[in-house]
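Okay, so the sequence shown: first residue is 1 according to our numbering, each after it adds one.
Worksheet: one structure, shown below.
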Amino acid sequence: MYDEANSEIDKKLITTKLSKLKQCIKYFKDIRKTSLKDFKADFIISGAAERYLQVSIECI
1 MYDEANSEID KKLITTKLSK LKQCIKYFKD IRKTSLKDFK ADFIISGAAE
51 RYLQVSIECI
């Protein structure tokens, strides 16, 4: 049975996931400014991109 309380929980969960996804997109836009050469050479940047991708997928 689906009730109003579940509806509110679902709305909050969706809002939270969308907010997290929007934040990841902002991070991707910053990373996109990095040259491919620098991206490949810097394990911190490529690792961050990998993590943001993982978080983005989990939001869907």
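For every residue, glycine included, the Cβ atom is placed at its ideal position computed from N, Cα and C.
All figures in this text were calculated on a predicted structure; none of them were measured in a lab.
Close-in-space but distant-in-sequence residues of the same chain around D42 (CB under 8 Å, 5 per side omitted): Here residue 42 corresponds to residue number 42 of the sequence shown, with the count starting at 1. T34.
Taking only three categories from DSSP, how would you classify T15? Taking the first residue of the sequence shown as 1, we reach residue 15 at position 15. Residue state, collapsed to three classes: helix.
Under 8 Å, with one C-beta from each stretch per pair, do the region 9-24 and the region 49-59 reach the 3-pair mark? yes
Sorted by chain position, which residues of the same chain lie with C-beta nearer than 6 Å to A49's C-beta, five sequence neighbours on each side aside? Counted from its first residue, the sequence shown places residue 49 at position 49. For A49, where only same-chain residues beyond five positions count, the Cβ hits under 6 Å are I31.
In chain order, what residues of the same chain lie with their CB nearer than 8 Å to the CB of T15, ignoring the 5 residues before and after it? Against the sequence shown, residue 15 aligns to sequence position 15. Around T15: no qualifying Cβ.
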